[in-house]
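Trainee:
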Amino acid sequence: MNERIKSALKSPLAIPLALIGVLFIYYLCICNVYTVLENRKSEVFFWMMDSWNERNDLLHGYAVPFLFVLFSYWGIKAMRKEPDSSGVAGIFILLIGMLLFVASARTIQPRLALIGLPFIISGSAIYLCGWKAGKHMLFPAFFWYFAIPIPGIQQTTNHLQVIVTQACYHVGTAMGMELVNVGNTISSATDKWEFDIAEGCSGIRSLMALLMIAAIYAYYSQKEFWKKAFMFAMAFPLALVGNFFRVFTILVLAEMGFDKFAANAYHDYAGLLFFFPAALLGLFLTDRLLNFRRHRKKVKVRQQA
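The numbering used here puts the first residue of the sequence shown at 890, with every later residue one more than the last.
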């Protein structure tokens, strides 16, 4: 890999690419590009940081830069073990990133620049180190997507509210509970208690956090791409089912006469104590099913030893 870097630095494209790198950092963190956006930072990176708040369900965004550094460190360690290879593909990946940055400035859409950020990072690594080594920077680079605010997230939240409310109501009535459902509110037919399934109970925050965890788990535990994609996709049903059980158990506790406990202490800590352990267990079981033969071989080897 070292020889590949040396040859890339001697290339006629080295100086132009270095200048592009300097301009990229200036544009990302210093240049006031989006001055027309009211009540928001005009630099791309700080505009993104402004979005890391509870209203956008993006509080996990603060963890992304630190995880990027950690994953990049692991990626660089893996890159050192790879042989030299062609890095021509890196030029085309870089070009995609630069075009997205230009489109962002022209359309005053900061998200386009942030979408192009991973292409700049991974394209640079692939050009300098070759495809075989540079591909280890693809996951750290595109992990930045978890820090980008998603348009239309509020509409998704509303849909999830309806889904969890309807599911809890129908399952509860099927089990013999006397419930009344009006909009996103579920109450006892005897007026003992009433709960509003608010945005925070929709599961969108848990879904976003679990998607990030599933991406990390899938990338570092699976070898085949289809297995990584399948495990990542499993985060969606796991989050929905886990959130359903969290909300439904609140209703069960309230019906048993513990409505104050259910609405306060249990509501606040159920996600941490039950949802994430159950979701992580689901990812672990998915891993065991996807790699059943490999795990069975390990058991046989241990028994023989």
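Quick reminder that beta carbons are idealized off the backbone N, C-alpha and C, glycines included. Keep in mind that this is a model prediction, so the values were computed, not measured.
For G986 versus G1005, is the C-beta distance shorter than 7 Å?
Mentor: Taking 7 Å as the Cβ cut-off, G986 and G1005 qualify as a contacting pair.
Trainee: Could you tell me which uninterrupted alpha helix (DSSP H) segments, each at least 4 residues in length, are contained entirely in the region 982–1053, listed from first to last along the chain?
Mentor: The qualifying runs are 999–1018, 1020–1023 and 1027–1031.
Trainee: Could you check whether A1030 and F1196 sit closer than 7 Å to each other, using their CB atoms as the reference points?
Mentor: This structure cannot settle anything about residue 1196, because the visible part of the chain is limited to 890 through 1194.
Trainee: Are the beta-carbon atoms of G950 and A1036 separated by less than 7 Å?
Mentor: Yes, Cβ-Cβ distance for G950 and A1036 is below 7 Å.
Trainee: Output yes or no for whether 7 Å exceeds the beta carbon distance between M1097 and D973.
Mentor: No.
Trainee: Of the residues L1161, A978, H1048 and W936, which one's Cα is nearest the Cα of A1022?
Mentor: Selected option, being the one with the closest Cα: A978.
Trainee: Hey, out of G1019, I1010, F1164 and Y1016, whose CA is closest to F1028's CA?
Mentor: F1028 has its Cα closest to that of I1010, out of G1019, I1010, F1164 and Y1016.
Trainee: With a threshold of 8 Å, are at least 3 pairs of Cβ atoms found where one atom belongs to the region 1100–1116 and the other to the region 1078–1089?
Mentor: Flag = no, the region 1100–1116 and the region 1078–1089 do not touch.
Trainee: Would you list the residues sitting across from D1085 in a DSSP beta bridge?
Mentor: The partner list for D1085 (beta bridge, DSSP) reads T1074.
Trainee: Return yes when the Cβ of L1001 is within less than 7 Å of the Cβ of S993, no when it is not.
Mentor: Closer than 7 Å, so yes.
Trainee: The alpha helix (DSSP H) with G964 in it runs from where to where?
Mentor: Run containing G964: V953 to M968, per the alpha helix (DSSP H) assignment.
Trainee: What do you reckon, are the CB atoms on G1131 and F1084 nearer than 7 Å?
Mentor: Not closer than 7 Å, so no.
Trainee: What three-state label does DSSP hand L1172 in the structure shown?
Mentor: Three-state result, L1172: helix.
Trainee: State the Cα-Cα distance for the pair F934 and N1047, rounded to the nearest angstrom.
Mentor: Each residue's alpha carbon lies about 29 Å from the other.
Trainee: Whose C-beta lies closer than 8 Å to the C-beta of M937 among residues of the same chain, with five residues either side of it excluded?
Mentor: Excluding residues within five positions, the ones whose Cβ falls inside 8 Å are G950, P999, L1003, A1036, I1037 and P1038.
Trainee: Could you tell me the alpha carbon to alpha carbon distance between F990 and W1115, rounded to whole angstroms?
Mentor: Between F990 and W1115, the C-alpha separation is close to 31 Å.
Trainee: Closest to K1024 by CA distance: which of G976, L988 and V1060 is it?
Mentor: Here the closest residue by C-alpha is G976.
Trainee: Could you pull out every residue in the same chain whose Cβ sits closer than 8 Å to the Cβ of V1069, ignoring the five residues on either side in sequence?
Mentor: Around V1069: I1075, S1076, S1077 and A1078.
Trainee: Give me the Cα-Cα distance between Y1158 and M1120, rounded to the nearest whole angstrom.
Mentor: Distance between the alpha carbons of Y1158 and M1120 is about 26 Å.
Trainee: When the Cα atoms are used, what is the spatial distance from L1161 to M968?
Mentor: Computed Cα separation, rounded: 36 Å.
Trainee: What distance in whole Å lies between the Cβ atoms of S940 and M1026, which are believed to be in contact at a cut-off of 8 Å?
Mentor: That pair is no contact at about 24 Å.
Trainee: By how many angstroms is the C-alpha of N1073 removed from the C-alpha of I1053?
Mentor: Inspection of the sequence shows that residue 1053 is occupied by Val rather than by Ile. Rounded to whole angstroms, V1053 to N1073 spans 9 Å at the Cα level.
Trainee: Buried or exposed: which applies to V911, given that a residue is buried once 16 or more other Cβ atoms fall within 10 Å of its Cβ?
Mentor: Exposed, because fewer than 16 other Cβ atoms sit within 10 Å of the Cβ of V911.
Trainee: Who are the near neighbours of W1082 in its chain, counting only those whose CB is closer than 7 Å to its CB and skipping five residues on each side?
Mentor: The residues are S1076, A1143 and D1148.
Trainee: Please list, in chain order, all residues of the same chain as Y1058 whose beta carbon is under 7 Å from its beta carbon, the five residues on each side excluded.
Mentor: L1068, N1070 and I1075, listed in sequence order.
Trainee: Applying the criterion that 16 or more other CB atoms from any shown protein chain within 10 Å of the CB defines a buried residue, is K1040 buried or exposed?
Mentor: The sequence given here has Pro at residue 1040, not Lys. Counting Cβ neighbours within 10 Å, P1040 comes out exposed, since fewer than 16 surround it.
Trainee: Less than 8 Å between the CB atoms is what I'm expecting for G1032 and F957, so what's the real figure, rounded?
Mentor: The sequence given here places Phe at residue 1032; Gly does not occur at that position. Indeed they touch by this definition, with Cβ atoms about 6 Å apart.
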